[in-house]
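**Q** So that we are looking at the same thing, I have put the structure below in structure tokens.
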Amino acid sequence: MSRTAYIDSPPALSEAPASAVRTRTAGREWFTDLAVGFSFSNLCYLRVWTGLLDYNRVEMFSMKAPPRPVEYLAAIANVLLLGALCCAAIRIARQPHGICRIAARAGLVLAGFAPLNSLRDTVSLKLSLPMLRFGLFTSLGKSNLIIVSVLAGALMALVVLRWHRVLLRTAYTTLLILFAFVPMTFGQAAWAAGSNTAGFGDQIPGNRVDQPRHARVLWIIFDEWDYRLTFVDRPAGLAFPAFDRFRAGAFHATHAYPPAGETLRSIPALMAGRFVITSKPNGVKELDLTYAGEPKPIVWGPEETLFSSARRAGINSAVAGWYIPYCRVLGSSLAECTWEELVVQRNSMGDTFSDILPNQARSLLETNLLSVCGQSLPTARESRLYQSMLARAEQLAQDPSLGLVFVHMPVTHVPYFYDHTTKRPTLKNSLVAGYRDSLELADRTFAALRRTMERAGTWENTAILLTADHWFRQSASLDGKVDHRVPYLLKLAGQNEGVRYDSPFNTVLTHDLLLRLLRNELETPQEVMHWLDVNRSIAESPYN
Numbered sequence: 115m116s117r118t119a120y121i122d123s124p125p126a127l128s129e130a131p132a133s134a135v136r137t138r139t140a141g142r143e144w145f146t147d148l149a150v151g152f153s154f155s156n157l158c159y160l161r162v163w164t165g166l167l168d169y170n171r172v173e174m175f176s177m178k179a180p181p182r183p184v185e186y187l188a189a190i191a192n193v194l195l196l197g198a199l200c201c202a203a204i205r206i207a208r209q210p211h212g213i214c215r216i217a218a219r220a221g222l223v224l225a226g227f228a229p230l231n232s233l234r235d236t237v238s239l240k241l242s243l244p245m246l247r248f249g250l251f252t253s254l255g256k257s258n259l260i261i262v263s264v265l266a267g268a269l270m271a272l273v274v275l276r277w278h279r280v281l282l283r284t285a286y287t288t289l290l291i292l293f294a295f296v297p298m299t300f301g302q303a304a305w306a307a308g309s310n311t312a313g314f315g316d317q318i319p320g321n322r323v324d325q326p327r328h329a330r331v332l333w334i335i336f337d338e339w340d341y342r343l344t345f346v347d348r349p350a351g352l353a354f355p356a357f358d359r360f361r362a363g364a365f366h367a368t369h370a371y372p373p374a375g376e377t378l379r380s381i382p383a384l385m386a387g388r389f390v391i392t393s394k395p396n397g398v399k400e401l402d403l404t405y406a407g408e409p410k411p412i413v414w415g416p417e418e419t420l421f422s423s424a425r426r427a428g429i430n431s432a433v434a435g436w437y438i439p440y441c442r443v444l445g446s447s448l449a450e451c452t453w454e455e456l457v458v459q460r461n462s463m464g465d466t467f468s469d470i471l472p473n474q475a476r477s478l479l480e481t482n483l484l485s486v487c488g489q490s491l492p493t494a495r496e497s498r499l500y501q502s503m504l505a506r507a508e509q510l511a512q513d514p515s516l517g518l519v520f521v522h523m524p525v526t527h528v529p530y531f532y533d534h535t536t537k538r539p540t541l542k543n544s545l546v547a548g549y550r551d552s553l554e555l556a557d558r559t560f561a562a563l564r565r566t567m568e569r570a571g572t573w574e575n576t577a578i579l580l581t582a583d584h585w586f587r588q589s590a591s592l593d594g595k596v597d598h599r600v601p602y603l604l605k606l607a608g609q610n611e612g613v614r615y616d617s618p619f620n621t622v623l624t625h626d627l628l629l630r631l632l633r634n635e636l637e638t639p640q641e642v643m644h645w646l647d648v649n650r651s652i653a654e655s656p657y658n
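Here is the structure:
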């Protein structure tokens, strides 16, 4: 090689390293953009991951089963899909000019609300801050909530416009650091998908026993059913013909108070006939209860309920329940049992991968009660769950071989799906006002049960108790009033005339009252009234 050629060559040689540097820089930029995209996507799905990976012992108690492998697979796929989309948006946003650049940057800013919503829901759940969830909605109301959300969004937009460079650099660096959690989360999901589900099984029902002659009892609890809003301050435009007809021919109390203001203390108290001071779920099958007068908590079990007492008396019992895992905890004392879990976002995504994949993505734009897509996923599932529960309740109510049937229905509990104006399950985005509609649905539910029993010939010879576990706790947000009374309507076998009872009492007496009915020790409304007069003590529970 000549000296001249060597001198002429450096420019070409110097260009090669520069090109390589640019290539390596572009490659690193692609990698970091992809990492940031996946990290951002993983944060967006924080609420989904929390439901799949971080459920605690309290939540396990009311779950029918742990998440299925297909749910983890869908979540991983969603993170990858959204991550790739975010990476593409970042690449477009890096362009020096063009309408696509502006659209990509605006989209990334708007997308920032998704992880904030997930963070809000996760923090409120894990730190027990209901004000960040349902409490926020009920305290502000839908209209004010929209106004506050718009103002907050406008304020955030101004902040982003003013300090967008600093914010973007900070966010980019933070997301890059948080990328380490993406493979960690995927690994945790892979491990959880293979976890054992055996502990979630229900107890095997007990063998049916030969029943002696006894009164037949149907005990129906509408969760959060409010006496005042049903019979005293009935919402305008609503009629409850089934309840009114039943009350006209039954014993009905005007001052009945529940044992507690929450289901997990009230139901065990009603079952045992003892006030419950504390109630804490502790895993799949354990509910730790502290009864009034007892120094230590005990684990709730079949020996502590009306069903075990009925079984010892030779009576077959059955349950169609909700929220509480009756069949896991009490199944051995029952002849038949079914129950449905509390509807939340995690268990409302569907059954197949093709259902779960889009619904997990949709859940980023929803809460349990509110959705920009119409009915939220939990609300829609609640509607389907109601139909199956009603069918099961009708089946048990008309079975003459069952001496004691307990039905716990979530009709008057959120989420509200029934629209009284259309008589269809089409109500959406209702925080509190939907309670009025749910009262009509409860009336229609009872009417359906009555028709079924009348056709089967079990109505006349069955004692039927309608009541609630507690009052409507959001009533102050509905009409500014709060009343702790619950309905208490009891029709004895063969009873046709109504009897009103005005003396205040606590429904914790229900256990003893129904046991005496099953033993044929109380056969007339007058005997029931006398028994209550003798046994009632306090009315309003000191443990609300």
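Each residue of the sequence shown is one higher than the last, beginning at 115 in the numbering used here.
The C-beta atom is built at its ideal place from N, Cα and C for all residues, glycine as well.
Since this is a predicted model, take the numbers as computed values, not measurements.
Could you round the C-beta distance between leucine 516 and serine 422 to whole angstroms and report it? I think they count as a contact, below 8 Å.
**A** Sequence index remark: in the sequence shown, residue 516 carries index 402 (1-based). Sequence index remark: in the sequence shown, residue 422 carries index 308 (1-based). So it is not a contact: roughly 16 Å between Cβ atoms.
**Q** Over what stretch of residues does the alpha helix (DSSP H) that includes phenylalanine 531 continue unbroken?
**A** Numbered from its first residue, the sequence shown carries residue 531 at position 417. Segment: none, phenylalanine 531 is in no alpha helix (DSSP H) and carries neither H nor E.
**Q** Using CA atoms only, rank isn't needed, just tell me which of Pro529, Asn482 and Leu518 is closest to serine 497.
**A** Indexing the sequence shown from 1 puts residue 497 at position 383. Ranking the options by Cα distance to serine 497, first place goes to Pro529.
**Q** Is it buried or exposed for leucine 504, if we count other Cβ within 10 angstroms and need 16 for buried?
**A** To locate residue 504, count along the sequence shown from 1; it is residue 390. Answer is buried; the Cβ neighbour count reaches 16.
**Q** Got a sec, what are the start and stop residues for the alpha helix (DSSP H) alanine 304 sits in?
**A** The residue given as residue 304 occupies position 190 in the sequence shown. Segment 295 to 307, the alpha helix (DSSP H) holding alanine 304.
**Q** With a CB to CB cut of under 7 Å and the five nearest residues on each side skipped, what residues in its chain are close to glutamate 143?
**A** Locating residue 143 in the sequence shown gives position 29, where the first residue counts as 1. If we look at glutamate 143 and ignore the five residues flanking it on each side, it has no Cβ neighbours.
**Q** Which partner residues of methionine 65 appear in the DSSP bridge assignment?
**A** With the chain represented from 115 up to 658, any question about residue 65 goes unanswered, as that position is not in the structure.
**Q** Decide yes or no for the touch test of the segment 570 to 577 against the segment 531 to 547: beta carbon pairs closer than 8 Å, at least 3 of them.
**A** At 8 Å Cβ cutoff, the stretches do not touch.
**Q** Which same chain residues end up closer than 6 Å to arginine 379 when comparing Cβ atoms and leaving out the 5 residues on each side of it in sequence?
**A** Counted from its first residue, the sequence shown places residue 379 at position 265. Val390 and Ser393, listed in sequence order.
**Q** Candidates Glu508, Phe227, Ile291 and Leu194: which alpha carbon is nearest leucine 269's?
**A** Against the sequence shown, residue 269 aligns to sequence position 155. Ranking the options by Cα distance to leucine 269, first place goes to Phe227.
**Q** What are the uninterrupted segments assigned as alpha helix (DSSP H) that are 4 or more residues long and contained completely in the segment 160 to 223, given in chain order?
**A** Fully enclosed alpha helix (DSSP H) runs of 4 or longer: 160 to 167, 171 to 175 and 183 to 207.
**Q** Kindly list the residues whose CB is nearer than 6 Å to the CB of methionine 385, restricted to its own chain and excluding five residues on each side of it in sequence; keep chain order.
**A** Looking up residue 385 in the sequence shown gives position 271. These residues qualify, in order along the chain: Thr419 and Leu420.
**Q** DSSP puts glycine 435 in a beta bridge; with which residues?
**A** Position 321 of the sequence shown, counted from the start, is the residue given in the question as residue 435. Paired residues: Trp453.
**Q** Specify the secondary structure class of phenylalanine 354 as computed by DSSP and reduced to three states.
**A** Within the sequence shown, the letter at position 240 stands for residue 354. Coil at phenylalanine 354, not helix or strand.
**Q** Is there at least one non-hydrogen atom of the ligand GDP closer than 7 Å to the beta-carbon of alanine 353?
**A** With respect to the ligand GDP, the structure shown offers nothing to examine, as it has no ligands at all.
**Q** Going by beta carbon distance, what residues of the same chain come within less than 6 Å of serine 462, once the five residues before and after it are set aside?
**A** Indexing the sequence shown from 1 puts residue 462 at position 348. If we look at serine 462 and ignore the five residues flanking it on each side, its Cβ neighbours are Leu491, Pro492 and Arg495.
**Q** Inspect the beta-carbon positions of proline 524 and tyrosine 437 and report whether they are closer than 8 Å.
**A** For the purposes of this step, residue 524 is taken as residue 410 along the sequence shown, with counting starting at 1. For the purposes of this step, residue 437 is taken as residue 323 along the sequence shown, with counting starting at 1. Going by C-beta atoms, proline 524 is nearer than 8 Å to tyrosine 437.
**Q** What are the start and end residues of the beta strand (DSSP E) that includes alanine 577?
**A** The residue you call residue 577 lines up with position 463 of the sequence shown. 576 to 581 is the extent of the beta strand (DSSP E) around alanine 577.
**Q** Suppose only complete runs of 3+ residues qualify. What are the beta strand (DSSP E) ranges in the segment 546 to 611, listed by chain order?
**A** Whole beta strand (DSSP E) segments, 3+ residues: 576 to 581 and 602 to 605.
**Q** Note down the Cα distance separating phenylalanine 357 from glutamine 489, rounded to an integer number of angstroms.
**A** Along the sequence shown, one-based indexing puts residue 357 at 243. Along the sequence shown, one-based indexing puts residue 489 at 375. Approximately 28 Å, taken between the alpha carbons.
**Q** Where are the alpha helix (DSSP H) runs, 4 residues long or more, that stay fully inside the segment 392 to 448, in chain order?
**A** Here the runs fully enclosed are 420 to 426 and 440 to 443.
**Q** Tell me which residue opens and which closes the alpha helix (DSSP H) that phenylalanine 467 is part of.
**A** Reading the sequence shown from its first residue, position 353 is the one you call residue 467. Run containing phenylalanine 467: 467 to 476, per the alpha helix (DSSP H) assignment.
**Q** Going by the CB atoms, is the gap between tyrosine 286 and histidine 601 shorter than 8 Å?
**A** Position 487 of the sequence shown, counted from the first residue, corresponds to residue 601. Position 172 of the sequence shown, counted from the first residue, corresponds to residue 286. It should be noted that the sequence gives proline, not histidine, for residue 601. No, the pair does not count as a contact, with Cβ atoms beyond the cut-off.
**Q** In three-state terms, what does DSSP make of valine 648?
**A** Within the sequence shown, the letter at position 534 stands for residue 648. Three-state result, valine 648: helix.
**Q** Determine the burial state of asparagine 649: buried for a count of at least 16 other Cβ atoms within 10 Å of its Cβ, exposed for fewer.
**A** Start at 1 with the first residue of the sequence shown, and residue 649 comes out as number 535. Asparagine 649 comes out exposed.
**Q** Mind the definition here: the segment 176 to 190 touches the segment 447 to 456 only if three or more C-beta pairs lie below 8 Å; say whether that holds.
**A** As far as the Cβ criterion goes, the segment 176 to 190 touches the segment 447 to 456, which means the pair count is three or higher.
**Q** Can you tell me where the beta strand (DSSP E) holding alanine 367 begins and where it ends?
**A** Sequence index remark: in the sequence shown, residue 367 carries index 253 (1-based). From DSSP, the beta strand (DSSP E) with alanine 367 extends over 365 to 367.
**Q** Based on Cα-Cα distance, which residue from Phe365, Val193 and Pro439 lies nearest to leucine 478?
**A** Along the sequence shown, read from residue 1 onward, the residue named residue 478 stands at position 364. Closest by alpha carbon: Val193.
**Q** Mapping the DSSP letters down to three states, classify arginine 614 as helix, strand or coil.
**A** For the purposes of this step, residue 614 is identified with residue 500 of the sequence shown, where counting begins at 1. Three-state result, arginine 614: strand.
**Q** List the whole-angstrom C-beta distance separating glycine 622 from alanine 383, where the pair is believed to meet the contact cut-off of C-beta under 8 Å.
**A** Working through the sequence shown from its first residue, we reach residue 622 at position 508. Working through the sequence shown from its first residue, we reach residue 383 at position 269. The sequence shown places valine at residue 622, rather than the glycine named in the question. So it is a contact: roughly 5 Å between Cβ atoms.
**Q** Please report the distance separating the alpha-carbon of phenylalanine 345 from that of phenylalanine 619.
**A** Translated into the one-based positions of the sequence shown, residue 345 becomes position 231. Translated into the one-based positions of the sequence shown, residue 619 becomes position 505. Going by the C-alpha atoms only, they are around 18 Å apart.
**Q** Using the beta-carbon count (16 or more within 10 Å), is glutamate 611 buried or exposed?
**A** If you number the sequence shown from 1, residue 611 lands on position 497. Burial call: exposed.
**Q** In terms of residues, what are the limits of the alpha helix (DSSP H) holding threonine 493?
**A** Walking along the sequence shown from the start, residue 493 turns up at place 379. From DSSP, the alpha helix (DSSP H) with threonine 493 extends over 491 to 511.
**Q** Is the beta carbon of serine 447 closer than 8 Å to that of leucine 292?
**A** The residue you call residue 292 lines up with position 178 of the sequence shown. The residue you call residue 447 lines up with position 333 of the sequence shown. For leucine 292 and serine 447, no; Cβs fall outside 8 Å.
**Q** Closest to arginine 564 by C-alpha separation, out of Asp147, Leu580, Pro395 and Met174, would be which residue?
**A** Here residue 564 refers to the residue found at position 450 of the sequence shown. Per the Cα distances, Leu580.
**Q** DSSP has leucine 518 in a bridge; who is on the other side?
**A** Within the sequence shown, residue 518 is the residue found at index 404, counting from 1. In the DSSP output, where bridge partners are listed per residue, leucine 518 has Val331 and Ser431.
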